[in-house]
Structures are given as C-alpha cells and as structure tokens.
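J.:
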Amino acid sequence: MAQELVLVVIKMIVVFAVALLIVAYLTYFERKIIGHMQLRLGPMRVGPHGLLQPIADGLKLFVKEDIVPHDSDRWTFYFAPILNLVCALVLLAVIPFSYNFMVTRLNIGVLYVLSLASVGTIALLLAGWSSGSKYPIMGGLRSAAQIFSYEIFLGFSIMGVLMISGSLDLVKIVEAQSKVWNIVYQPVAFVVYVIAALGELNRVPFDLPEAENELVAGFHTEYSGFKFAYFFLAEYANMIVVSCMAVILFLGGWKGPVLPGIVWFLIKMCAFFYFFIWVRATFPRYRYDQFMRIGWKIMLPIALANIVVTGVVMMLV
Amino acid sequence: MSWSQLFFYVFAVLAVIMSLMVVTRRKAVHSAIFLILAFICFAATYVIMNAELLAAIQVLVYAGGVVGLIIFVIMLVKAEEDEVKQTHGQWIIAAFVALLLVVEVAFVLLSNLAQKTGGLAAKMAQAGGNTEAVGVVLYTKYLFPFEVASILLLAAMIGAIVLAKYKLER
Numbered sequence: 005m006a007q008e009l010v011l012v013v014i015k016m017i018v019v020f021a022v023a024l025l026i027v028a029y030l031t032y033f034e035r036k037i038i039g040h041m042q043l044r045l046g047p048m049r050v051g052p053h054g055l056l057q058p059i060a061d062g063l064k065l066f067v068k069e070d071i072v073p074h075d076s077d078r079w080t081f082y083f084a085p086i087l088n089l090v091c092a093l094v095l096l097a098v099i100p101f102s103y104n105f106m107v108t109r110l111n112i113g114v115l116y117v118l119s120l121a122s123v124g125t126i127a128l129l130l131a132g133w134s135s136g137s138k139y140p141i142m143g144g145l146r147s148a149a150q151i152f153s154y155e156i157f158l159g160f161s162i163m164g165v166l167m168i169s170g171s172l173d174l175v176k177i178v179e180a181q182s183k184v185w186n187i188v189y190q191p192v193a194f195v196v197y198v199i200a201a202l203g204e205l206n207r208v209p210f211d212l213p214e215a216e217n218e219l220v221a222g223f224h225t226e227y228s229g230f231k232f233a234y235f236f237l238a239e240y241a242n243m244i245v246v247s248c249m250a251v252i253l254f255l256g257g258w259k260g261p262v263l264p265g266i267v268w269f270l271i272k273m274c275a276f277f278y279f280f281i282w283v284r285a286t287f288p289r290y291r292y293d294q295f296m297r298i299g300w301k302i303m304l305p306i307a308l309a310n311i312v313v314t315g316v317v318m319m320l321v
Numbered sequence: 585m586s587w588s589q590l591f592f593y594v595f596a597v598l599a600v601i602m603s604l605m606v607v608t609r610r611k612a613v614h615s616a617i618f619l620i621l622a623f624i625c626f627a628a629t630y631v632i633m634n635a636e637l638l639a640a641i642q643v644l645v646y647a648g649g650v651v652g653l654i655i656f657v658i659m660l661v662k663a664e665e666d667e668v669k670q671t672h673g674q675w676i677i678a679a680f681v682a683l684l685l686v687v688e689v690a691f692v693l694l695s696n697l698a699q700k701t702g703g704l705a706a707k708m709a710q711a712g713g714n715t716e717a718v719g720v721v722l723y724t725k726y727l728f729p730f731e732v733a734s735i736l737l738l739a740a741m742i743g744a745i746v747l748a749k750y751k752l753e754r
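If you're matching them up, the sequences are chains A and B in order. In terms of my numbering, the first sequence opens at residue 5 and continues consecutively. In terms of my numbering, the second sequence opens at residue 585 and continues consecutively.
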C-alpha cells in the first residue's frame, strides 16, 4: 500500500516537472516559430539561439515586485491564479501518455477533464472581479462567456467519439482505435473540437478576452510578477491538455508503428502545438459578435447533427 | 485505519470547514469561492465511496456550472455597487429547512435503509463501473422521468430567453 503511494507520488512529480518544463519551452518555441514565420529570428540573445530565454523570463517574473492594486479584493486576487494553475495541472493526472505511463487511470477520464476545466474557468472570472478595475472585469466576463459557451461545443464534439468507443476511460478510448483512428470516423467532430479548443484556450483567432486594442490585457491586466506567471503557465498547460485530449480522442493516442508509444504520443502532441502556433501566425482576431455567431449558429447545429448521424450510422451498421 | 478512511476523514473535515466558511463570509463572492471548494471536497468523498460518476457530475455541474453562474450573477447584477453583502434575513426559513434535513438524515441513519444501500456504488464499480450502470438505468427504467426533466429544462430555457427579450424590447 505504502509502496503504491510512493510510486504514484513519483509519477506525479515526474509528470508535473516535465509538464512545467515543456510549458516553459513552449513559450520559447512559440516565439521562435512565429518569428520565423514573420521572417524574424525570434529570441537570440540568451544562450545559443536564445535557448535559455524561458529560464531568464521565469527568473525575471520571479524577482519582480508583487503588486496588488488598492481597490482589489486581496484574498481573491491571490486565490484566482492558484486555482487556475491547479485546475490546469491536475488534468495531466489522467492523461495516458502510453499504455502504462499515467499517474492514475480513471473510469471517467473524459468527464474528469471536462469538469475540472470548467472549474478553471471560474478562476478567470474571479481574477477579473478581484482586480477592482474595469478592463479586467470586462475581460473576465468575456472569457467566462466565451469558455462557458465553447465548452458546450467541446463536449458535444467529443460525444461522437464516446459513442464509438463506448467508454469514458481514456485508455479504453485509445484501445478502441487500434485499427482505425477516430478521425476517420469523426472528421466533422474533429474540426469542431479543434475550433472549440481554440475558443476554450483563448487563443488567436478567438483571443477576445485579451484583445489588446479593446481591453488592455483582459482579466490579467492588473496581474504582474509571479501571479501573472501562474496565468501564463496555466494557459500553456491547458494547451498541453487540449492537445493530449485531441491525440487521445481522435489520433489514436500512443498507437503507431516501430517507435515506442510515448514517443508517438509526444510527436502527435507536438504536431498539435505547431498547429496552434501556426493558426496564431495566420489568422486575425474575430469580432466578439462574429465569434458568438460562429459558436451558437454554426458549431452547435453541426455538433448536434454529428451526434445524430453517428447514432443513426451506429444503429444501422 | 486504511488509506481510504484517512482520506475520507480529511475531506469530510475540510468539507465541513468550507461549508461553515460559505455561510459565515460577508462578501457573496467569497462565499461562492468556498462553495466551490466545498463541492470539490464532497466530490472527493464520493470518489472514496467508488461513486466516480457522481463525483464528476458534482464538480462539472455544481462547482463548474452552478457556482460559475452564481458568480456571473453576483458580478453582473451588482457590478456597480462596491460590495455584495450576505445577510441573515431569511434565518427562520433556513432554520426550518435545516431542521427538516436533520430529521431526514437521522431517520435514514436510524432505519436500516443505510445498511441496505451503503455498498451499492462499490458493488457497481466491481461489476464494471457505475457510469455504465447509470446510463443503462437512465435509458430503460427511468426513461420517462428523464425525458420529462429534459423537456422541462428546455421549456425553462426558452422561457428565460423570451422573458429577457420582452424586457429588452420594451
């Protein structure tokens, strides 16, 4: 019993340490890739090809002055970033990186991810409210409205996959894709999932909560130093989770020839990161009403139709 | 004492503390935050009792959805006022409801109902997970109530939109 506990703790530390390291370097890759896409070099000064840049950034954020605005609600102001980061990181606990490498295997893996992700949203609202000034509260409300609505499409797009695999267990979902990946059966759901994920992650082209020209920086306008770093890390950790979920649900998880499972998983995950960054470099930002129209008038009917079609086809076949 | 018992007591005590914080904080937003934490503690105790689906629903619907909406309302309705304060104006009703709940819990604990259903979730988990079991029961035995509840919710949703729109247009 005690041995088991120690093993779980070690796995937890490994997964979270690696995740945090990846998160730090994701920022570096994002800047580098976008730089090259825009015919710049990106960070070059710190270390060879700027490789030590994330560490320098982290140190800078760590030693910065910890500013709490006068009108803010102190406790909530401190609590919101912590809640956000914790909710993002605990999601990694159920992600199966290969058949045996995961912190814990849950019967309800998909529901676990969806439920804790929805709690993480509340942190953005609280952050906006507790800052005690108007731009953060607008940004907080926007991001909450955005994520609450895009969560629905995200959930609906996953539904088809769940119907095919007949389980909420992430390992079983991957095992069900031994022969054919779900993306072949569920191409529409995959597209809806990717778009909803972009909305859920507050990333370009749906980064309305942080639209600089309207809202300064959205809910984290008043945040600085390490509290800001928490939001930043949470955002990138959420990116990892969304990519992992896409790989598990649609791209066959760790399945692949020759190479070991975990390598395949990481390759597919990285392809997703690259896609997210590529989108950021390509698309302009949508207007808020356009964004909501896309969600409720296009994505929702498509996602619902996909569930119906999947159900009918499954009944006939 | 086994690990699960230890964790149960930890989360039970935490849940009680969080619930007390919910009713004693003055600012409504603080109460809402502690409500989230209390719900998460409840979910943890459900997991210990092998009722994983219930735990996930608890967090998804209550901690994520309901409290999210509560915070939304607190912020939208009284965003201009500096603070939304909790009051104790409804303590008579609250005391009556609490008393009713105590009587009910005592009745369940004293009758042998608790022994009969106590291990149900654990048995279900061994039989292949209670998610499947709940799904099957929901779509066979309880299909009618389930559909009635769905239609009721749909009607409520449309009603809310109609009411809000009517006010906007005036």
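For every residue, glycine included, the Cβ atom is placed at its ideal position computed from N, Cα and C.
I'd like to know whether the C-beta of residue 650 of chain B is nearer than 8 Å to at least one C-beta of chain A.
T.: Along the second sequence, read from residue 1 onward, the residue named residue 650 of chain B stands at position 66. With 8 Å as the cut-off, residue 650 of chain B does not count as an interface residue toward chain A.
J.: Excluding the 5 residues flanking residue 70 of chain A on each side, which residues of the same chain have their C-beta closer than 6 Å to its C-beta?
T.: For this step, residue 70 of chain A is matched to residue 66 along the first sequence. Excluding sequence neighbours, residue 70 of chain A sits near 229.
J.: Here's a check: name, in chain order, each residue in its chain whose Cβ is nearer than 7 Å to the Cβ of residue 169 of chain A, leaving out the five neighbours to either side.
T.: Start at 1 with the first residue of the first sequence, and residue 169 of chain A comes out as number 165. Closer than 7 Å at the Cβ level, and outside the excluded window around residue 169 of chain A, lie 176, 177 and 180.
J.: Chain B beta carbons: is any one of them nearer than 8 Å to that of residue 286 of chain A?
T.: In the first sequence, the residue the question calls residue 286 of chain A occupies position 282. So, not an interface residue.
J.: Would you say residue 225 of chain A and residue 122 of chain A are within 8 Å of each other, going by their C-beta atoms?
T.: Your numbering for residue 225 of chain A matches position 221 in the first sequence. Your numbering for residue 122 of chain A matches position 118 in the first sequence. No, the Cβ-Cβ distance between residue 225 of chain A and residue 122 of chain A is not below 8 Å.
J.: So what does DSSP say about residue 183 of chain A, is it helix, strand or coil?
T.: Working through the first sequence from its first residue, we reach residue 183 of chain A at position 179. Note: residue 183 of chain A maps to coil in three-state DSSP.
J.: What is the residue span of the alpha helix (DSSP H) that residue 243 of chain A lies within?
T.: Stepping through the first sequence from its first residue, residue 243 of chain A is reached at position 239. Residues 229-254.
J.: From the DSSP output, in three-state form, read off residue 611 of chain B for me.
T.: In the second sequence, the residue the question calls residue 611 of chain B occupies position 27. Three-state DSSP puts residue 611 of chain B in a strand.
J.: Kindly give me the distance between the Cβ atoms of residue 200 of chain A and residue 303 of chain A, rounded to whole angstroms, as I take these residues to be in contact under 8 Å.
T.: Taking the first residue of the first sequence as 1, we reach residue 200 of chain A at position 196. Taking the first residue of the first sequence as 1, we reach residue 303 of chain A at position 299. Yes, residue 200 of chain A and residue 303 of chain A are in contact; Cβ-Cβ is about 7 Å, under 8 Å.
J.: Do residue 23 of chain A and residue 93 of chain A have their beta-carbon atoms positioned less than 8 Å apart in this structure?
T.: Sequence index remark: in the first sequence, residue 93 of chain A carries index 89 (1-based). Sequence index remark: in the first sequence, residue 23 of chain A carries index 19 (1-based). Yes.
J.: Below 9 Å on C-beta distance, what does residue 133 of chain A contact in chain B?
T.: Here residue 133 of chain A corresponds to residue number 129 of the first sequence, with the count starting at 1. Residues of chain B passing the Cβ test: 613, 655, 658, 659 and 663.
J.: Please report the residue range of the alpha helix (DSSP H) in which residue 263 of chain A lies.
T.: Position 259 of the first sequence, counted from the start, is the residue given in the question as residue 263 of chain A. From DSSP, residue 263 of chain A is part of no alpha helix (DSSP H); its letter is neither H nor E.
J.: I'd like to know if residue 718 of chain B contacts chain A, where contact means its C-beta is closer than 8 Å to some C-beta of that chain.
T.: The sequence position of residue 718 of chain B within the second sequence is 134, counting from 1. Closer than 8 Å: no.
J.: Looking at the C-beta of residue 119 of chain A, does it have a partner C-beta in chain B at a distance below 8 Å?
T.: Indexing the first sequence from 1 puts residue 119 of chain A at position 115. At least one chain B Cβ lies under 8 Å of residue 119 of chain A.
J.: Are three or more beta carbon pairs between the region 235-242 of chain A and the region 77-95 of chain A nearer than 8 Å?
T.: With a cut-off of 8 Å, the region 77-95 of chain A and the region 235-242 of chain A count as touching, because enough Cβ pairs lie within range.
J.: Residues of chain B with a CB under 7 Å from the CB of residue 123 of chain A: which are they?
T.: For the purposes of this step, residue 123 of chain A is taken as the residue at position 119 of the first sequence. Result: 620, 643, 647 and 648.
J.: Please list the partners that residue 80 of chain A has in chain B, where partner means a Cβ-to-Cβ separation under 9 Å.
T.: Locating residue 80 of chain A in the first sequence gives position 76, counting from the first residue. Within chain B, the residues near residue 80 of chain A are 611, 613, 614 and 617.
J.: For residue 97 of chain A and residue 318 of chain A, I'd like the C-alpha separation in whole angstroms.
T.: Sequence index remark: in the first sequence, residue 97 of chain A carries index 93 (1-based). Sequence index remark: in the first sequence, residue 318 of chain A carries index 314 (1-based). For residue 97 of chain A and residue 318 of chain A, the distance between alpha carbons rounds to 32 Å.
J.: Counting C-beta neighbours from all protein chains within 10 Å, is the total for residue 142 of chain A 16 or more, i.e. buried, or is it exposed?
T.: Position 138 of the first sequence, counted from the first residue, corresponds to residue 142 of chain A. Residue 142 of chain A is buried by the Cβ-count criterion.
J.: By the criterion of Cβ-Cβ separation under 8 Å, what are the contact partners of residue 683 of chain B in chain A?
T.: Working through the second sequence from its first residue, we reach residue 683 of chain B at position 99. What residue 683 of chain B touches in chain A: nothing, since even the nearest Cβ is about 32 Å away.
J.: Taking the alpha-carbon positions, what's the residue 32 of chain A to residue 58 of chain A distance?
T.: Within the first sequence, residue 32 of chain A is the residue found at index 28, counting from 1. Within the first sequence, residue 58 of chain A is the residue found at index 54, counting from 1. Their backbone Cα atoms lie some 6 Å apart in a straight line.
J.: Can you tell me which of B:614, B:612, B:693 and B:640 puts its alpha carbon nearest to the alpha carbon of residue 625 of chain B?
T.: As a working note, residue 625 of chain B is residue 41 in the second sequence. Out of B:614, B:612, B:693 and B:640, B:640 has the C-alpha closest to the C-alpha of residue 625 of chain B.
J.: Is there a Cβ of chain A sitting closer than 8 Å to that of residue 637 of chain B, yes or no?
T.: Translated into positions along the second sequence, residue 637 of chain B becomes position 53. Chain A contact via Cβ: present.
J.: Pull up the distance between the alpha-carbon of residue 154 of chain A and that of residue 727 of chain B, whole angstroms please.
T.: Position 150 of the first sequence, counted from the first residue, corresponds to residue 154 of chain A. Position 143 of the second sequence, counted from the first residue, corresponds to residue 727 of chain B. Distance between the alpha carbons of residue 154 of chain A and residue 727 of chain B: 28 Å.
J.: Please list the partners that residue 11 of chain A has in chain B, where partner means a Cβ-to-Cβ separation under 8 Å.
T.: Within the first sequence, numbered from 1, the residue matching residue 11 of chain A stands at position 7. Ordered by position in chain B, no residue passes the 8 Å Cβ test against residue 11 of chain A, which lies about 14 Å from the chain.
J.: Determine contact between the region 77-88 of chain A and the region 194-208 of chain A, defined as no fewer than three beta-carbon pairs at a distance below 8 Å.
T.: Short answer: they don't touch.
J.: According to a CB-to-CB cut-off of less than 7 Å, which residues of the region 229-248 of chain A neighbour chain B?
T.: Per Cβ criterion, the list is empty.
J.: Looking at the secondary structure, which residues open and close the alpha helix (DSSP H) in which residue 289 of chain A lies?
T.: Mapped onto the first sequence, residue 289 of chain A falls at position 285. First-last for residue 289 of chain A: undefined, no H or E at that position.
J.: Pull up the CB-CB distance for residue 37 of chain A and residue 278 of chain A, whole angstroms please, since I reckon it's below 8 Å.
T.: As a working mapping, residue 37 of chain A is identified with position 33 in the first sequence. As a working mapping, residue 278 of chain A is identified with position 274 in the first sequence. 7 Å between Cβ atoms; contact.
J.: With 7 Å as the C-beta to C-beta threshold (strictly closer), list the residues of the region 597-610 of chain B near chain A in chain order.
T.: Under the 7 Å Cβ criterion, the region 597-610 of chain B contributes no residue.
J.: Output needed in chain order: residues of the region 714-742 of chain B with a Cβ under 9 Å from some Cβ in chain A.
T.: Answer set for the region 714-742 of chain B: 714, 715 and 716.
J.: Would you say residue 748 of chain B lies against chain A (beta-carbon separation less than 8 Å)?
T.: In the second sequence, counting from the first residue as 1, residue 748 of chain B sits at position 164. Not an interface residue.
J.: List, in order along the chain, the chain A residues whose C-beta lies closer than 7 Å to that of residue 640 of chain B?
T.: Looking up residue 640 of chain B in the second sequence gives position 56. Near residue 640 of chain B (Cβ distances below 7 Å), the residues of chain A are 112, 115, 116 and 119.
J.: Between which residues of its own chain and residue 127 of chain A is the CB-CB distance below 6 Å, once the five residues before and five after are set aside?
T.: Counted from its first residue, the first sequence places residue 127 of chain A at position 123. Answer for residue 127 of chain A: 84, 87 and 88, listed in chain order.
J.: CB residue 162 of chain A to CB residue 26 of chain A, shorter than 8 Å?
T.: Along the first sequence, read from residue 1 onward, the residue named residue 162 of chain A stands at position 158. Along the first sequence, read from residue 1 onward, the residue named residue 26 of chain A stands at position 22. No, they are not a contact pair.
J.: Could you tell me the distance, in whole angstroms, from the CA atom of residue 147 of chain A to the CA atom of residue 212 of chain A?
T.: Taking the first residue of the first sequence as position 1, residue 147 of chain A is located at position 143. Taking the first residue of the first sequence as position 1, residue 212 of chain A is located at position 208. Rounded to the nearest angstrom, the two C-alpha atoms are 7 Å apart.
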